[in-house]
Structures are given as C-alpha cells and as structure tokens.
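Colleague: Heads up: the sequence shown begins at 1039 in this note's numbering, then just goes up one per residue.
My questions will all concern the structure given below.
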Amino acid sequence: DFKYDFAEDVLSLRYSVYLYYLPMTFIPALFLMISLCIYNGSEKRRFDEKLLLIPAGVLSILFLTNDFHFLAYDPSIPLDQFIVSTGTYTHDIVFYLLYAWIIFCMVIGILMLLNRMGRSGKNNVVPPFMMIIFWIVMWGLFTLMETYHIPHPYNAPEINIFSMLGIFEICI
C-alpha cells in the first residue's frame, strides 16, 4: 500500500502513486547529467547532456497516463476501485523499464565518476566502492522491511538521492 494516503477519492490516491514515480525517473537522469559534467570537466552544459531528460520524460508520461494503457500497472480490479494497493495489480513493461533506466544511469554515472577520479590523480577508489556497498546494503534492508511489512523510515527515492550525494561528495 502507498505510504502517504492523504487523498480521499480513488482517482487522487491512484495519481498520488503515479506522481511518486516522477522523481524516480528524473533523479537518475540528473545524476547521469551531473556525472557527464564532472567527467567532461566543463562548467558549461552541453546539448547532449540535456537529451538524457527525454527518456526520463517519456517514462514519466507513461506512468502518468497508465490509466489509458496499463503499461506500468495492470489492475486486476475495476479501475474505479484501483488505488495501486498490494495484490490488486501486476507490474508491466514500463515499470521494469523504469528500473532498467535507474540501473543504467547509476552504473554509467558511477563508472564515469570513478574514471574521472583516476584521471585527476585520486587513485583511492575504496571510498566510492564503500559508498556503493552502503547503497546496496540500504536497498537490501529496504527490501527486507518491505517483504516482512516492517515500517521503514525511508523509501527508494531517498536511498538513491543520499547514495548519489555520497558518491558525488567522495568523487569530487
């Protein structure tokens, strides 16, 4: 079930879940854009960096328009009752594409930052790898808490944001 049930009607509850995925699509793109800036060593943004916003925008639009195509969540109950609660849907291709996008952006961004560290004379790659291990451990704890329905103080976007900030801080 969605953690922040603040809406009263079914449509508002459902769209609050869809809106939750906006940062999940744009945060990895922004991470990769910043990694490109650091890697290229330029203060000025290049046009090709902005192109990374296109897949993030398309994924966001696909999540927001899920009621028309059911490519992210495919409800197993009538749409007028569907609030994206556990057991009432199956994930579809857009949901998996989102996670592929997140992994792609994070892996490429981290590799670029590690490469930049090596070129700048910072040969100690242990701290970034420690941050990556911390990130994986946090995801593991989050997954365990979700699996066993234990209340957790953080969600997926928070894990990604704080991990990316830690990686940036270490690599700069």
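For each residue, glycine too, the CB sits at the ideal point set by N, CA and C.
Helix, strand or coil for Asp1039? Go by DSSP, reduced to three states.
Modeller: Residue placement at Asp1039 is flagged as unreliable, the pLDDT there being 49, under the threshold of 50; the coordinate-derived value follows with that caveat. Coil.
Colleague: Let me know if Val1164 comes out buried or exposed under the rule of 16 or more other beta-carbons within 10 Å of its beta-carbon.
Modeller: The residue in question, Val1164, is exposed, as its Cβ has fewer than 16 Cβ neighbours within 10 Å.
Colleague: Check the DSSP bridge columns for Asp1112 and list the partner residues they point to.
Modeller: Looking at the DSSP assignment, Asp1112 forms a beta bridge with Thr1128.
Colleague: So Val1122 is in the alpha helix (DSSP H); what residue range does that whole segment cover?
Modeller: Element bounds for Val1122: n/a, residue is neither H nor E.
Colleague: Within 10 angstroms of the Cβ of Asn1153, are there 16 or more other Cβ atoms? Answer buried if so, exposed if not.
Modeller: So Asn1153 counts as exposed.
Colleague: Could you tell me how far apart the beta carbons of Leu1070 and Ile1146 are, in whole angstroms, since I believe they sit closer than 8 Å?
Modeller: With a Cβ gap of about 6 Å, Leu1070 and Ile1146 count as contacting.
Colleague: Taking the alpha-carbon positions, what's the Asp1047 to Leu1182 distance?
Modeller: Between Asp1047 and Leu1182, the C-alpha separation is close to 31 Å.
Colleague: Let's test the definition: count the other Cβ atoms within 10 Å of the Cβ of Val1175 and tell me whether it reaches 16, buried, or not, exposed.
Modeller: With fewer than 16 other Cβ atoms within 10 Å, it is exposed.
Colleague: Near Ala1094, which residues of its chain fall below 7 Å by C-beta distance, leaving aside the five closest residues on each side in sequence?
Modeller: These residues qualify, in order along the chain: Thr1063, Phe1064, Ala1067.
Colleague: Distance check for Leu1136 and Val1096, CA to CA, integer angstroms please.
Modeller: Rounded to the nearest angstrom, the two C-alpha atoms are 10 Å apart.
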